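For the sequence shown, the numbering used here begins at 20 and goes up steadily by one.
Think of the CB as a built atom: it goes at the ideal place given N, C-alpha and C, for glycine as much as any other residue.
Just so we're clear, the structure is a prediction, and the values are computed from it rather than from any experiment.
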Amino acid sequence: MSAQAVSGSGASGTPWRVVELRPLPRISGAAIISRDNKKLLAENVFVEIERGEAVLLPFQGGSTLRSWALSSDGRLAAAFVSGWRGERGTERWYGVSIADVANPGDLRTVELPESAVGLVMFNRANTHIAAVAFGATYIVNVASGKVERRLGIGDYRDFALSPDFGQYAVVQTRWPETDRQAKLSERGALQVVLFNTATGKEVRRYEPLQGRSSFRVMFSGDGTHLLMGECGVLELATGRFHEQPMGLAVCVYEPMVEGRYVLMRGEQASAVWDVKRGKVHALELPEVTTDEQRMVVEALSADGTTVVVNRYSAARGRENYVARLIRE
Numbered sequence: 020m021s022a023q024a025v026s027g028s029g030a031s032g033t034p035w036r037v038v039e040l041r042p043l044p045r046i047s048g049a050a051i052i053s054r055d056n057k058k059l060l061a062e063n064v065f066v067e068i069e070r071g072e073a074v075l076l077p078f079q080g081g082s083t084l085r086s087w088a089l090s091s092d093g094r095l096a097a098a099f100v101s102g103w104r105g106e107r108g109t110e111r112w113y114g115v116s117i118a119d120v121a122n123p124g125d126l127r128t129v130e131l132p133e134s135a136v137g138l139v140m141f142n143r144a145n146t147h148i149a150a151v152a153f154g155a156t157y158i159v160n161v162a163s164g165k166v167e168r169r170l171g172i173g174d175y176r177d178f179a180l181s182p183d184f185g186q187y188a189v190v191q192t193r194w195p196e197t198d199r200q201a202k203l204s205e206r207g208a209l210q211v212v213l214f215n216t217a218t219g220k221e222v223r224r225y226e227p228l229q230g231r232s233s234f235r236v237m238f239s240g241d242g243t244h245l246l247m248g249e250c251g252v253l254e255l256a257t258g259r260f261h262e263q264p265m266g267l268a269v270c271v272y273e274p275m276v277e278g279r280y281v282l283m284r285g286e287q288a289s290a291v292w293d294v295k296r297g298k299v300h301a302l303e304l305p306e307v308t309t310d311e312q313r314m315v316v317e318a319l320s321a322d323g324t325t326v327v328v329n330r331y332s333a334a335r336g337r338e339n340y341v342a343r344l345i346r347e
C-alpha cells in the first residue's frame, strides 16, 4: 500500500486506507453510490454491488445523457437527456427520464418546454426532481411526471438547490469596472446569494470572495454548506469561507461526510479534506505495478465508508472497483 503524493497548503493528516477492492462491471462517467452502499449509478448503468450485476437503463437520448441521479433509497434513477426528432431529424428536444431500477422497462420521460443543459437531482424526500439549467430550473413531480414549477434564476454564473429544495443559492461574478459600490480585487469577486425557493425572496447575501473563481456549486447533503468547485467551502450559517488547499479541487458532486469531510482531486491523486480541522488526508491505495498505471478514487459514499476506484493502464484501459475506506 502507498499513499498518493498530494501537494497543497493544508496540513497533512493521517493517511486513510483504501482496502478490499472488488471488481465492478465496466462503467463510464461519474459514479453515484446509494445511501445504503449497496447500489451505484454511472450514466445509464445501474449496479447491484454485492452481486456485481449491471443493468442498462433505457434512458432516451442515448449518447447525449448530460447528468444522472439516484434517489436516496436507490429505487429510482433519473437522467437529463436530449435528442432529435421530426421528419428530417432536425428538431431538438430536452427532458428528464425517470426509471424504476427494479423494472427498467418502466421508463417515463418528461419533456422540458425549452432547451436546457445542466444538472438533474432528487430532493431529500424523493418526491421531486430538479433539472438545474443555465437561466432556468424546472421542478418535476416524480409521481405525476409533470413540471410543477419553473424557477427563472437569471444569468448567474452558478446555481444550486438545497437538498429539500427549500432554498437556492446563486453565484454572481462582480468586477471593479462595473461595480463601484464595493472595493473589489482586480481579479473580481464571487458573490453568493441565498434565496427562498417558495417566495423568491433573498435570505442572505454573503461577503464577496475576493479574487476567486469557481466552477459549479452544490449544497452539502445536510444543507449546511455550499461546496464550490475549484474554490472551497462556504459555511452558510456563519458565512465562514474555507479556501481549498492548493493543488487540489473540491469535488462538488460528491457528498460532504459528517459536515466536514470533502473528496478532492488533483491531476494524479485523490484526497479527503477535513474542512473543520484544515487537514488533508492522503488516500492510501494498493501499489500500481508499472508507471503506465494509476489509481484514483472517483466517488465517495455519504457515510464515508465506501469508495469507487478507477484504475487506468495502457494495456487494459479503465477498470472499476468498489472498496472500503478506513479512517485512521
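- Residue state for Gly124 is assigned as strand, using DSSP reduced to three classes.
- Straight-line spacing of the CA atoms in Gly164 and Val139 works out to 14 Å.
- The C-alpha of Gly93 is placed about 9 Å away from the C-alpha of Asp119.
- Spanning the alpha carbons of Leu126 and Arg330 requires a straight line of approximately 33 Å.
- DSSP links Arg36 through a beta bridge to Glu303 and Ile345.
- Here Asn142 really is in contact with Phe184; their C-beta atoms are around 5 Å apart, less than 8 Å.
- Rounded to the nearest angstrom, the Cβ distance from Gln186 to Asn215 is 6 Å, consistent with a contact under 8 Å.
- Apart from sequence neighbours up to five positions away, the residues of its chain that approach Leu245 with a beta-carbon distance below 8 Å are Ala179, Ala188, Val211, Val236, Met237, Phe238, Ser239, Val252, Leu253 and Leu255, ordered along the chain.
- In the DSSP assignment, Gln263 falls outside any beta strand (DSSP E) and carries neither an H nor an E.
- Taking 3 residues as the minimum length, the beta strand (DSSP E) runs contained wholly in the segment 208-246 are 208-215, 221-224 and 236-238, in order along the chain.
- In this model, Leu170 and Glu277 are separated by some 30 Å (Cα to Cα).
- The count of Cβ pairs closer than 8 Å, one atom from the segment 37-53 and one from the segment 310-329, reaches three, so the stretches are in contact.
- Looking at the DSSP output, Thr325 sits in a beta bridge with Arg343.
- Residue environment: Pro264 is assigned as buried (16 or more neighbouring CB atoms within 10 Å of its CB, all protein chains considered).
- By DSSP's assignment, Thr192 forms a beta bridge with Leu209.
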